[in-house]
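Novice: First residue of the sequence shown? That's 9 in my numbering, and the numbers climb one at a time after it.
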Amino acid sequence: MKLKLKRLTISLLALGLSSTVFAKPVLQQSYKNIEEYKLDNGLKVILFENNKESKVYMNMIYQTGSLNDPHGKGGMAHLLEHLAFKGTKNIQGEDFQKRLDQYTLTNNASTDYYVTQYTNEVRAEKTAIDEVLRLEAERMDKLVLQQKFVPAEIEIVKRERELTSDQPFAILIDHVFKGIYGNKDLGREPIGDLEELESINMDELNEFYRKWYAPNNATFVISGNFDKASLLKSLDQKFSSIPARKVPEQAVVPDIDLTKVKG
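1. Output the residue ranges of the beta strand (DSSP E) runs that lie fully inside the segment 49-88 and measure 3 residues or longer, sorted by chain position.
2. For R167, count the other beta carbons within 10 Å of its own beta carbon; 16 or more makes it buried, fewer makes it exposed. Which is it?
3. Would you please state the rounded distance, in angstroms, between the beta carbons of G195 and F185? I believe it to be under 8 Å.
4. For the segment 220-229 and the segment 46-53, state whether three or more C-beta atom pairs, one from each stretch, are separated by less than 8 Å.
5. With distance defined between alpha-carbon atoms, name the residue in F247, K254, I264 nearest to K46.
6. What are the boundary residues of the alpha helix (DSSP H) that E144 is part of?
7. Helix, strand or coil: how does DSSP classify S242 here?
8. What residue range is occupied by the uninterrupted alpha helix (DSSP H) comprising T172?
9. Quick check: does the Cβ of R167 come within less than 7 Å of any heavy atom belonging to the ligand FMN?
10. Between which two residues does the alpha helix (DSSP H) containing Y217 stretch?
11. Determine the DSSP secondary structure at L273, reduced to helix, strand or coil.
12. Please return the same chain residues whose Cβ sits closer than 7 Å to the Cβ of R142, not counting the five positions on each side in sequence.
13. Expressed to the nearest angstrom, what Euclidean distance is found between the alpha-carbon atoms of L1 and T112?
14. Identify which residue in E204, V140, I164, F157 has its Cα closest to the Cα of K81.
15. So, at 6 Å on beta carbons, what are the nonlocal neighbours of Q155 in its own chain, with the 5 sequence-adjacent residues on each side left out?
16. With DSSP as the reference, please indicate the residues paired to N180 in a beta bridge.
17. Applying the 10 Å Cβ sphere with the 16-neighbour rule, what's the burial state of I264?
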């Protein structure tokens with residue numbers, strides 16, 4: 009098996025409740041049945057076995073978000089997240105989402121400044137677990153991004169933006185960040201700029217995908233009711249063949265001078 013076991017202490021928040029925690033896990037001593045594994049290709053897998061649960065929770069976290077959107081292409085990470093449900097080399101078009109719906113109880117995704125994550129709530133059955141693992145491996149390495157799906161997804165982004173347009177706290181945070189950073193760094197909302205979204209072409213999106221969706225740039229968090237030996241074997245079979253890639257340096261948010269912030 010190509011999995012190398014490391015036992016660590018990780019806050020229970022790290023079980024998918026806080027993406028920020030996973031960006032910088034707490035490494036101390038071993039803690040009960042929370043374990044971290046690492047595949048040869050660099051994929052980190054964090055397991056929390058809890059046989060009192062009736063489900064399995066999976067959270068694939070890629071260490072890339074809107075901070076890595078290219079200049080003038082605000083929302084690229086978010087658009088990629090939307091298109092990541094639209095088919096792969098082996099599971100074409102809408103069949104990917106249909107299969108995901110068939111084997112999960114719920115599935116979703118989100119993009120923030122620092123990470124993009126795909127969450128699945130799965131029945132505690134080997135067939136369902138194995139199939140969702142296969143779908144996540146396909147999403148990591150074999151996405152087929154197609155222009156024909158872009159207009160509909162941009163319309164969804166518009167609706168998502170409308171949902172936050174009348175939320176006072178969201179408006180306040182956006183105003184504060186724009187006052188500090190302007191139209192860059194944290195001043196660009198992860199949801200994206202509509203004009204810039206419409207300017208993104210498939211070559212640019214594929215380049216972004218290949219840069220950041222790499223096993224050595226991801227952490228897979230799995231908790232709930234599963235057979236650990238079977239799960240590790242399935243993870244090894246489905247993910248170990250995906251090659252590691254050279255990942256660019258993460259975007260760094262510059263320090264700010266609060267005396268220069270305009271109200």
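Just so you know, even glycine gets a beta-carbon here, dropped at the ideal spot from N, CA and C.
Specialist: Reading it off the structure:
1. Restricted to the segment 49-88, the beta strand (DSSP E) segments that are unbroken, complete and at least 3 residues in length are 52-57, 63-70, listed in chain order.
2. If you number the sequence shown from 1, residue 167 lands on position 159. The residue in question, R167, is exposed, as its Cβ has fewer than 16 Cβ neighbours within 10 Å.
3. By one-based count along the sequence shown, residue 195 stands at place 187. By one-based count along the sequence shown, residue 185 stands at place 177. The Cβ separation is near 5 Å, so the contact holds.
4. yes
5. The residue labelled residue 46 in the question sits at position 38 within the sequence shown. Closest by alpha carbon: F247.
6. By 1-based counting over the sequence shown, the position of residue 144 is 136. Start and end: 134-149.
7. As a first step, residue 242 is located in the sequence shown; it is residue number 234 there, counting from the start. Reduced to three states, the DSSP call for S242 is helix.
8. Here the question's residue 172 lines up with position 164 in the sequence shown. That run of the alpha helix (DSSP H) goes 158-172.
9. Absence of the ligand FMN is noted for the structure shown, with no ligands found whatsoever.
10. As a first step, residue 217 is located in the sequence shown; it is residue number 209 there, counting from the start. Here the alpha helix (DSSP H) through Y217 covers 210-220.
11. This structure leaves residue 273 out entirely; the chain is present only between 9 and 271.
12. Along the sequence shown, read from residue 1 onward, the residue named residue 142 stands at position 134. Closer than 7 Å at Cβ, skipping near neighbours: K246.
13. Outside the shown range of the chain, which is 9 to 271, sits residue 1, and nothing can be said about it.
14. Within the sequence shown, residue 81 is the residue found at index 73, counting from 1. Closest option to K81, Cα to Cα, is E204.
15. For the purposes of this step, residue 155 is taken as the residue at position 147 of the sequence shown. Listed in chain order, the non-local C-beta contacts of Q155 below 6 Å within the same chain comprise M210, local neighbours out to five positions each way being set aside.
16. On the sequence shown, position 172 is the one that residue 180 refers to. At residue 180 the sequence reads Leu, which differs from the Asn that was named. In DSSP, L180 forms no bridge with anything.
17. By one-based count along the sequence shown, residue 264 stands at place 256. Exposed is the call here.
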